[in-house]
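Notes for the one structure printed next.
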Amino acid sequence: MYDTLIIGSGPAGMTAALYAARSNLKVGIIEQGAPGGQMNNTSEIENYPGYEHISGPELSMKMYEPLEKFNVEHIYGIVENIESDGLVKRVITEDETYEAKTVVIATGAKYRLLGTPGEEEYTSRGVSYCAVCDGAFFRNQDLLVVGGGDSAVEEAIYLTQFANTVTIIHRRDELRAQKILQDRAFANPKIKFLWDSVVKEIKGGDIKVSGVTVENVKTGELSEHDFGGIFIYVGMNPVSAMVSKLGVTDDAGWIMTNDKMETSVPGVYAIGDVRQKELRQIATAVGEGAIAGQGVYHYITENFS
Ligand code: FAD
Ligand code: NAP
Numbered sequence: 086m087y088d089t090l091i092i093g094s095g096p097a098g099m100t101a102a103l104y105a106a107r108s109n110l111k112v113g114i115i116e117q118g119a120p121g122g123q124m125n126n127t128s129e130i131e132n133y134p135g136y137e138h139i140s141g142p143e144l145s146m147k148m149y150e151p152l153e154k155f156n157v158e159h160i161y162g163i164v165e166n167i168e169s170d171g172l173v174k175r176v177i178t179e180d181e182t183y184e185a186k187t188v189v190i191a192t193g194a195k196y197r198l199l200g201t202p203g204e205e206e207y208t209s210r211g212v213s214y215c216a217v218c219d220g221a222f223f224r225n226q227d228l229l230v231v232g233g234g235d236s237a238v239e240e241a242i243y244l245t246q247f248a249n250t251v252t253i254i255h256r257r258d259e260l261r262a263q264k265i266l267q268d269r270a271f272a273n274p275k276i277k278f279l280w281d282s283v284v285k286e287i288k289g290g291d292i293k294v295s296g297v298t299v300e301n302v303k304t305g306e307l308s309e310h311d312f313g314g315i316f317i318y319v320g321m322n323p324v325s326a327m328v329s330k331l332g333v334t335d336d337a338g339w340i341m342t343n344d345k346m347e348t349s350v351p352g353v354y355a356i357g358d359v360r361q362k363e364l365r366q367i368a369t370a371v372g373e374g375a376i377a378g379q380g381v382y383h384y385i386t387e388n389f390s
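Following this line, the structure appears as structure tokens:
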């Protein structure tokens with residue numbers, strides 16, 4: 086039996102693993118993809134202390150490397166369910182069941198779909214959710230970025246290195262993004278804005294996207310615009326389906342914890358973006374990982390010795 090099983094190897098999960106493993110616990114980390122989580126989708130991180138700026142994949146590797154030294158076991162799998170049977174927890178993947186004394190859920194959040202006609206049809210054919218992954222395919226094109234938060238504005242700025250122009254379409258007349266990102270976008274000659282506007286339809290031919298129909302939400306006016314690529318950043322949803330039977334989420338699926346990262350089920354912790362909270366950042370994910378990694382040590386000492 087594992088002392089702790091951590092689900093997800095984003096910054097939250099990797100930090101919890103480091104803290105738990107340094108307390109000499111038997112630690113497994115179950116991940117369905119590459120270590121790093123959402124950090125792998127960004128080229129430019131400049132608000133993680135200690136680095137003036139660093140790419141997401143590079144920071145991911147820096148967080149991953151020490152886990153080897155402390156014998157954290159990496160397990161590939163997609164966790165489908167978590168059960169609590171008194172002191173024993175069961176983590177169930179598509180083809181394995183693992184037992185642990187404690188479980189730390191660090192499954193993060195995933196991009197939200199826009200839900201307009203054409204979105205699904207043209208995904209990977211001009212519609213993308215990852216500028217870092219796909220931006221270089223769109224050299225010298227006119228691109229559209231949907232959304233007004235940190236992701237939309239930061240990634241729009243990133244795309245200007247490849248694109249001819251980048252238009253940010255936002256449903257209001259004011260961005261949600263941090264002021265520093267707004268200032269950079271407003272100062273960038275390649276970035277234009279479509280305010281008070283939403284995408285009604287994504288259009289294209291047999292092969293790829295060609296543009297969008299836009300509605301001005303104040304006037305109801307429709308207009309047609311040509312774009313070679315569309316990047317969608319309209320927020321995130323929690324990745325918490327695996328705990329739906331534990332009753333630890335709010336109505337939107339964010340996991341509720343106290344400030345020790347404990348859920349209402351003893352021995353089950355939640356950290357990082359999947360938590361109900363205000364600020365979803367690498368620094369907050371890491372802080373919560375440290376709290377949970379230390380918390381499982383105390384829980385095991387109190388309940389299993
Ligand atoms: P995640 O990073 O989401 O990691 C969760 C992990 O869990 C993933 O690896 C996933 O594969 C795994 N997982 C999920 N479900 C399962 C399952 N069922 N079974 C197994 N594994 C599973 N923050 C900053 O501080 N600075 C920035 O500059 C910044 N830029 C960003 C740019 C973009 C484009 C995006 C999308 C986010 C950015 N963020 C930034 C936010 C930051 O990346 C997140 O706050 C942070 O990654 C959250 O960490 P996490 O460990 O909670 O979750
Ligand atoms: P977000 O902050 O939730 O912003 C989503 C944006 O999309 C908002 O502007 C929202 O409009 C808009 N939107 C939502 N639904 C829409 C719809 N159906 N149609 C059109 N527009 C829609 O999400 P995010 O930008 O992905 O950021 C997620 C988290 O990661 C945040 O906590 C953020 O701070 C963090 N992050 C941080 C950095 C950084 O620190 N550099 C970078 C990226 C992300 P409204 O404004 O009108 O609600």
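The sequence shown runs 86 to 390 under this note's numbering. Backbone N, C-alpha and C fix where the C-beta goes; we use that ideal spot for every residue, glycine too.
Asn-388 beta carbon less than 8 Å from that of Leu-172: Yes, these two residues count as a Cβ contact at 8 Å.
Option in Thr-178, Asp-88, Val-381 with minimal Cα separation from Ile-115: When Thr-178, Asp-88, Val-381 are compared, the shortest CA-CA separation from Ile-115 is found for Thr-178.
Closest residue to Val-359 among Pro-96, Leu-90, Leu-228 (Cα-Cα distance): With distances taken between Cα atoms, Val-359 lies closest to Pro-96.
Beta-carbon proximity of Phe-312 to Asp-219, cut-off 8 Å: No, the Cβ-Cβ distance between Phe-312 and Asp-219 is not below 8 Å.
Distance between Glu-184 and Asp-170 (C-alpha atoms, nearest Å): Going by the C-alpha atoms only, they are around 10 Å apart.
Contact the region 96–105 vs the region 350–364: 3+ CB pairs below 8 Å: Touching, per the Cβ criterion.
3 or more residues per run - each beta strand (DSSP E) lying fully within the region 327–362: Listed in chain order, the complete beta strand (DSSP E) runs (minimum 3 residues) inside the region 327–362 are 353–355.
Near the ligand FAD: Asp-258 beta-carbon under 7 Å from a heavy atom: Result no, Cβ not under 7 Å from the ligand FAD.
Assigned exposure category for Lys-345 - 16 Cβ within 10 Å defines buried: Exposed, since its Cβ has fewer than 16 Cβ neighbours within 10 Å.
Asp-235 versus Arg-269: straight-line alpha-carbon distance, rounded: Approximately 12 Å, taken between the alpha carbons.
Interface flag, Arg-257 vs chain D, CB-CB below 8 Å: Of the protein chains in this structure there is only one, and it is not chain D.
heavy atom of the ligand FAD below 7 Å from Glu-130 C-beta: Contrary to the premise, residue 130 reads as Ile rather than Glu in this sequence. Result yes, Cβ under 7 Å from the ligand FAD.
One or two residues paired with Phe-278 in a DSSP bridge: Paired residues: Ile-253.
Span of the beta strand (DSSP E), counted from its first residue to its last, around Val-173: Counted as a single uninterrupted DSSP element, the beta strand (DSSP E) harbouring Val-173 occupies residues 173–178.
Cutoff 6 Å; reference Ser-295; Cβ partners in own chain excluding five residues on either side: Result list for Ser-295: Lys-288, Gly-289, in chain order.
Separation of Ala-194 from Val-381, as counted between CA atoms: Ala-194 has its alpha-carbon roughly 23 Å from the corresponding atom of Val-381.
Under the three-state DSSP convention, the category Ser-308 falls into: Of the three classes helix, strand and coil, the one that applies to Ser-308 here is strand, per DSSP.
Proximity of Ser-325 and Ile-340 at Cβ, strictly below 8 Å: With contacts defined as CB atoms closer than 8 Å, Ser-325 and Ile-340 qualify as a contacting pair.
Endpoints, the beta strand (DSSP E) within which Pro-323 is located: Membership of Pro-323 in the beta strand (DSSP E) is indicated by the continuous run 321–323.
Ile-385 beta carbon less than 8 Å from that of Leu-110: For Leu-110 and Ile-385, yes; Cβs fall inside 8 Å.
Simplified DSSP state of Gly-378, which is helix, strand or coil: In the structure shown, Gly-378 adopts helical secondary structure according to DSSP, grouped into three states.
Expected contact under 8 Å - CB spacing of Ile-160 and Gly-232 to nearest Å: Not confirmed; about 34 Å, so no contact.
Beta-carbon contacts of Val-319 that lie in its chain and below 7 Å, excluding the five residues immediately before and after: Hits under 7 Å: Arg-197, Leu-199, Val-231, Gly-232.
Limits of the unbroken beta strand (DSSP E) element including Phe-316: Unbroken beta strand (DSSP E) run through Phe-316: 314–317.
Coarse secondary structure for Ile-292, derived from DSSP in three states: Ile-292: coil per DSSP, three-state reduction.
Proximal residues to Tyr-214 (C-beta, below 6 Å), its chain only, five neighbours per side dropped: So the list reads Tyr-196, Ile-317, once near-sequence residues are dropped.
Closest residue to Pro-142 among His-383, Ile-242, Ser-128, Ala-248 (Cα-Cα distance): Closest by alpha carbon: Ser-128.
Residue interval of the alpha helix (DSSP H) (run including Ala-55): The structure shown does not extend to residue 55, since the chain is modelled only from 86 through 390, so no value can be given for it.
Identified DSSP bridge partners for His-159: Partner(s): Ile-114.
From Ile-367, Val-350, Glu-240, residue whose alpha carbon lies closest to that of Val-188: For the residues Ile-367, Val-350, Glu-240, the minimum Cα distance to Val-188 belongs to Val-350.
Where Val-164 falls: helix, strand or coil (DSSP): Looking at Val-164 - three-state DSSP - the assignment turns out to be strand.
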